[in-house]
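Heads up: the sequence shown begins at 2 in my numbering, then just goes up one per residue.
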Amino acid sequence: MSTSETSRFVRLRLELVVEVDDVDALTKAALQRIAGDTEMPADERVHAEDTVTEDTAEALAYLVDPFDLVGEVPGTELAQASWSSEEIDYDPDSPDWDLDEDDEADGDEMVGERVDG
């Protein structure tokens, strides 16, 4: 398939597990981001402040911006983004957290990984 026949759009799926070791610092940073958003309506600001204060995952989600992930990648423009966060029980030694497992089940090839067949 030539370049002109392929889609110009690529879905980049990421799954990150982030360890939060300073909830207060994270919450403070999220509140500062909200305070600095001069275009946010007052009622939305109150809701955002309450949300990030009560939920660490929401505070993190408020600070993570998908545009930052690809903004400096040459030749690309972010067309659409969505993300969510949740607090989880995480055990890095558990086979349940093998991130490659989903990719192998889908038949996706990982960069740098050899696929026979």
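Don't be surprised by glycine CBs; every beta carbon is placed ideally from N, CA and C.
**OP:** Could you tell me the distance, in whole angstroms, from the CA atom of Thr77 to the CA atom of Phe68?
**Re:** One-based indexing of the sequence shown puts residue 77 at position 76. One-based indexing of the sequence shown puts residue 68 at position 67. Each residue's alpha carbon lies about 11 Å from the other.
Subject >> Alpha carbon of Asp1 to alpha carbon of Leu79, nearest angstrom >> reply: With the chain represented from 2 up to 118, any question about residue 1 goes unanswered, as that position is not in the structure.
Original post:
Does the beta-carbon of Glu88 have 16 or more other beta-carbons within 10 angstroms, so that it is buried, or is it exposed?
Top reply: Translated into positions along the sequence shown, residue 88 becomes position 87. With fewer than 16 Cβ atoms within 10 Å of its Cβ, Glu88 is classed as exposed.
Subject >> Beta-carbon proximity check, Glu59 vs Ser86, cutoff 9 Å >> reply: Residue numbering aside, residue 59 sits at position 58 when the sequence shown is read from its first letter. Residue numbering aside, residue 86 sits at position 85 when the sequence shown is read from its first letter. Yes, the pair counts as a contact, with Cβ atoms nearer than the cut-off.
Original post:
Beta-carbon of Glu40 versus every beta-carbon of chain C: anything under 9 Å?
Top reply: As a matter of chain content, chain C is missing from the structure shown, which is built from one protein chain.
**OP:** Would you mind stating whether Arg34 and Leu64 have Cβ atoms separated by less than 9 Å?
**Re:** Residue numbering aside, residue 34 sits at position 33 when the sequence shown is read from its first letter. Residue numbering aside, residue 64 sits at position 63 when the sequence shown is read from its first letter. Against a cut-off of 9 Å, the Cβ pair of Leu64 and Arg34 comes out as a contact.
Subject >> 4-residue-minimum alpha helix (DSSP H) runs that sit fully inside the segment 41-86, ordered along the chain >> reply: 43-55, 57-64 and 67-71
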